[in-house]
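So that you can map any letter, position 52 of the sequence shown is 52 in full-length UniProt numbering, and since no number is skipped, the others follow by simple counting.
Here is the structure we will look at, set down as structure tokens.
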Amino acid sequence: MKITDLLKREGILLNSPAKDRDSAIDALIELHSKVGNLNDAAKFKEAILAREEKGSTAIGMGIAVPHGKSAAVKTAGLTAITIPAGIDYKSLDGNPSNLFFMIAAPDTAADTHLEVLSKLMTLLMDQSFSKKLVEAKTADEFLKIIDDKEAEKDKEASAKAAAAAPASKPSVKKLVGVTACPTGIAHTFMAAEALELKAKELGINIKVEKDGSAGAKDVLTAKEIEEADAVIVACDKNIDMGRFNGKPVVITSTKEAIHNPEGLIKKATDGNVSIYHHSGKITAASDDSNESVGRQAYKHLMNGVSHMLPFVIGGGILIAIAFLLDDFSIDPSNFGSNTPVAAWFKSIGGTAFGFMLPILAGFIAQSIADRPGLAVGFVGGALASTGATFVSPGGDVPSAFLGALVAGFAAGYLVRFMEKICEKLPQALEGIKPVLIYPLCGIFIIGLVMCAINPIVGALNAWITALLEGMGTGSMIVLGILLGAMMATDMGGPLNKAAYAFGLASLANQNETGHMIMAAIMVGGMVPPIAIALATIFFKNKFTPAERKSGPVNFIMGLCFITEGAIPFAAADPIRVIPSLMVGSGIAGALSMAFKCTLRAPHGGIFVFPVVGNVAMYLVALLIGSVAGCFMLGLLKKNVED
Numbered sequence: 001m002k003i004t005d006l007l008k009r010e011g012i013l014l015n016s017p018a019k020d021r022d023s024a025i026d027a028l029i030e031l032h033s034k035v036g037n038l039n040d041a042a043k044f045k046e047a048i049l050a051r052e053e054k055g056s057t058a059i060g061m062g063i064a065v066p067h068g069k070s071a072a073v074k075t076a077g078l079t080a081i082t083i084p085a086g087i088d089y090k091s092l093d094g095n096p097s098n099l100f101f102m103i104a105a106p107d108t109a110a111d112t113h114l115e116v117l118s119k120l121m122t123l124l125m126d127q128s129f130s131k132k133l134v135e136a137k138t139a140d141e142f143l144k145i146i147d148d149k150e151a152e153k154d155k156e157a158s159a160k161a162a163a164a165a166p167a168s169k170p171s172v173k174k175l176v177g178v179t180a181c182p183t184g185i186a187h188t189f190m191a192a193e194a195l196e197l198k199a200k201e202l203g204i205n206i207k208v209e210k211d212g213s214a215g216a217k218d219v220l221t222a223k224e225i226e227e228a229d230a231v232i233v234a235c236d237k238n239i240d241m242g243r244f245n246g247k248p249v250v251i252t253s254t255k256e257a258i259h260n261p262e263g264l265i266k267k268a269t270d271g272n273v274s275i276y277h278h279s280g281k282i283t284a285a286s287d288d289s290n291e292s293v294g295r296q297a298y299k300h301l302m303n304g305v306s307h308m309l310p311f312v313i314g315g316g317i318l319i320a321i322a323f324l325l326d327d328f329s330i331d332p333s334n335f336g337s338n339t340p341v342a343a344w345f346k347s348i349g350g351t352a353f354g355f356m357l358p359i360l361a362g363f364i365a366q367s368i369a370d371r372p373g374l375a376v377g378f379v380g381g382a383l384a385s386t387g388a389t390f391v392s393p394g395g396d397v398p399s400a401f402l403g404a405l406v407a408g409f410a411a412g413y414l415v416r417f418m419e420k421i422c423e424k425l426p427q428a429l430e431g432i433k434p435v436l437i438y439p440l441c442g443i444f445i446i447g448l449v450m451c452a453i454n455p456i457v458g459a460l461n462a463w464i465t466a467l468l469e470g471m472g473t474g475s476m477i478v479l480g481i482l483l484g485a486m487m488a489t490d491m492g493g494p495l496n497k498a499a500y501a502f503g504l505a506s507l508a509n510q511n512e513t514g515h516m517i518m519a520a521i522m523v524g525g526m527v528p529p530i531a532i533a534l535a536t537i538f539f540k541n542k543f544t545p546a547e548r549k550s551g552p553v554n555f556i557m558g559l560c561f562i563t564e565g566a567i568p569f570a571a572a573d574p575i576r577v578i579p580s581l582m583v584g585s586g587i588a589g590a591l592s593m594a595f596k597c598t599l600r601a602p603h604g605g606i607f608v609f610p611v612v613g614n615v616a617m618y619l620v621a622l623l624i625g626s627v628a629g630c631f632m633l634g635l636l637k638k639n640v641e642d
């Protein structure tokens, strides 16, 4: 089966008028309907959008491959459109996308058509091939370009097989690799092709196993693994890592393999790769044996924070609504629960908010020790919330966010330690480890640990809270500048996350100072995209045509508190853009503190403005910070020639 058996002339639209991601998706789905591939276009669109929510299918180099498996698909097929000017599709490399293929697969067992689709993915790695497709004048020419390239690749494969020697020269490095992504259609094969092409260019032998939707292809044999000098594992999902025990292994993602194959290959062949030691328990590509301690801690913390956020956001907004609806004059000391409606909102919101620390600790522990760590971490977080001590088991000194962090890491490594000890137990007891030994011993020990540290961490937490509450206006403004600037420094990176985590910790204390800190952090994160959008309008000569076209979209992203909208612009000119955005965000954070604006929810952007304290001045802070960032961009950025 050839690629053009799935891609028909009627399924191609050249020079599409689509202006954004949604209109491009609609155009591709309409072509599928026209060809007759779908039973229900609306349901298939739901599958496509669900996949996009997991991560953009724009793989870089101007290419996007949205795809979906659904019962709404009648016949597997491809459609394609070109948009020569390009649109913002949230690509991995931040560049506009101008070549789009949409894969429609029926919701049945994987079939041979996926092998054909993998061929397309490998062909698209050739940028000259992609350029020819974008420049094609007719659908027939588009199909011919694909046919010719596919024939060329088949010929190369045949020649390679015919010329294969029985044994490789000893001087040539041998590598093996595995690529895998959650859907197993696009990124799996793109990553494999990138590694294979770069290895060929560098004169290195490599065989890459593709763990795709249709099953594993080019499966590595025990002999091939044994003879390999090193292994590259570029996977975004769990795979069997036990077979690589004792081998030098580079563990990375498919994204890194697609965009930096040379770096990965050189790292694998320089002789300094750590030896992988399989525990016999974990079979995940995310094994952290080759990661630094800091990277491991960051990964575990972010796992806890990401699972905690829905509880904090939902609960925080409901609590804020309770204060919005309540009557302060009835009983100022009971504000938030004076009226039945307010009390109802506060009760539900408080219940959700109460899960914040157990969820944080539980999922930190789960990241460290997998499922056995979850219950132990959850209980540790709950004990941090209640403040249990040996003197007062019912709760006396809550250690709050800091205590939950300690509980999560302590629980995770405690369970891993127990797993190590239990390896020597008889095989007959294997079944009771996860259901009896780990939870019973783990919960008991974490209880002892938390009762011991709660007084210490609780006192530290109380000292920090008192320090923040005792800050004068000037100190709070300086703190606002610092937190706002951190939100714009790496936009989603470690510094941004550190500022945000500090805001969450402050929010957990449920006091006005914590609410002011959270407000300054959110406004600092809203400024960068808005400043970019303003600059693309008022300083057009500082941006490329593609940047000017995509700039206004950042108004929406900024108002929704999606700081990452500014990343493509910062990546293109970091030396000038990042300082400009830091200035704007720092000013916004400072003004928010000066105006004593408060926020009880950690996210939501403009949608939570109704529950912002002193919202009018909060808008002023956002506007002034955005304008300041805009003018800094106009001042620092160089003119761009069209």
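For each residue, glycine too, the CB sits at the ideal point set by N, CA and C.
Limits of the unbroken beta strand (DSSP E) element including residue i
| i | result |
| --- | --- |
| serine 97 | 97 to 106 |
| valine 176 | 174 to 180 |
| glycine 11 | 7 to 13 |
| isoleucine 59 | 58 to 60 |
CB contact below 7 Å: residue i versus chain B
| i | result |
| --- | --- |
| methionine 557 | Although the question refers to chain B, the structure presented lacks it and comprises just one protein chain. |
Extent of the continuous alpha helix (DSSP H) to which residue i belongs
| i | result |
| --- | --- |
| leucine 92 | Careful: leucine 92 lies outside any alpha helix (DSSP H) and carries neither H nor E. |
| glycine 380 | 372 to 386 |
| isoleucine 364 | 356 to 369 |
| valine 134 | 127 to 135 |
| isoleucine 232 | Premise fails: isoleucine 232 lies in the beta strand (DSSP E), 230 to 235, not in any alpha helix (DSSP H). |
| glycine 470 | It is not in any alpha helix (DSSP H) - glycine 470 carries neither H nor E in the DSSP assignment. |
| valine 553 | 553 to 559 |
| arginine 548 | 545 to 550 |
| glycine 584 | 574 to 594 |
Local conformation of residue i per DSSP, three classes
| i | result |
| --- | --- |
| isoleucine 275 | strand |
| valine 612 | coil |
| glutamate 423 | coil |
| lysine 266 | helix |
| valine 250 | strand |
| serine 286 | Unreliable positioning characterises serine 286 in this predicted model, as indicated by a pLDDT of 43, which lies under 50. A coordinate reading is not provided. |
| residue 643 | For the chain, the structure presents residues 1 to 642; residue 643 sits outside this window and is missing. |
| isoleucine 83 | strand |
| aspartate 147 | helix |
| aspartate 490 | coil |
| aspartate 326 | coil |
| lysine 19 | coil |
| glycine 314 | helix |
| leucine 619 | helix |
| leucine 440 | helix |
| glycine 395 | coil |
| glycine 77 | strand |
| valine 640 | coil |
| threonine 112 | Interpretation of threonine 112 is limited by its pLDDT of 46, a score under 50 that renders its predicted location unreliable; no figure is taken from the coordinates. |
| leucine 414 | helix |
| glycine 336 | coil |
| phenylalanine 538 | helix |
| methionine 476 | helix |
| glutamine 510 | coil |
Cross-strand partners of residue i (DSSP beta bridge)
| i | result |
| --- | --- |
| lysine 69 | Ala105 |
| asparagine 205 | Lys174 |
| lysine 34 | DSSP lists no partner for lysine 34. |
| alanine 216 | Asp211 |
| alanine 64 | Ala58 and Phe100 |
Quiz item: So does the stretch 505 to 520 actually touch the stretch 586 to 593, counting three or more Cβ pairs closer than 8 Å?
Solution: yes
Could you tell me whether the stretch 364 to 383 touches the stretch 429 to 449, where touching means 3 or more Cβ pairs closer than 8 Å? Yes, the stretch 364 to 383 touches the stretch 429 to 449.
*asked:* Closer than 8 Å is the cut-off here; do at least three beta carbon pairs connect the stretch 330 to 345 with the stretch 363 to 374?
replied: no
Notebook entry, point to check: Taking one C-beta from the stretch 577 to 589 and one from the stretch 616 to 636 each time, how about it: are there three or more such pairs within less than 8 Å?
Noted result: yes
- request: Count the C-beta pairs between the stretch 400 to 408 and the stretch 384 to 391 that are closer than 8 Å, then say yes if the count reaches three, no if not.
  value: yes
Please determine if the stretch 34 to 51 and the stretch 68 to 76 are in contact, where contact requires at least 3 C-beta pairs separated by less than 8 Å. yes
Would the stretch 549 to 564 count as touching the stretch 467 to 486 if we require 3 or more Cβ pairs under 8 Å? no
>> When you compare the stretch 498 to 508 with the stretch 566 to 581, are there three or more beta-carbon pairs, one atom per stretch, that lie closer than 8 Å?
In response: no
Does the contact criterion of 3 or more C-beta pairs under 8 Å hold for the stretch 418 to 429 versus the stretch 346 to 365? Note that the stretch 418 to 429 does not touch the stretch 346 to 365; fewer than 3 beta-carbon pairs, one per stretch, sit closer than 8 Å.
Touching or not, the stretch 409 to 418 and the stretch 348 to 358, by the rule of three or more beta carbon pairs under 8 Å? no
Touching by the beta-carbon criterion (3+ pairs, under 8 Å), the stretch 607 to 626 and the stretch 315 to 331: yes
**Prompt:** Counting pairs of beta carbons, one from the stretch 54 to 64 and one from the stretch 87 to 97, are three or more of them closer than 8 Å?
**Reply:** yes
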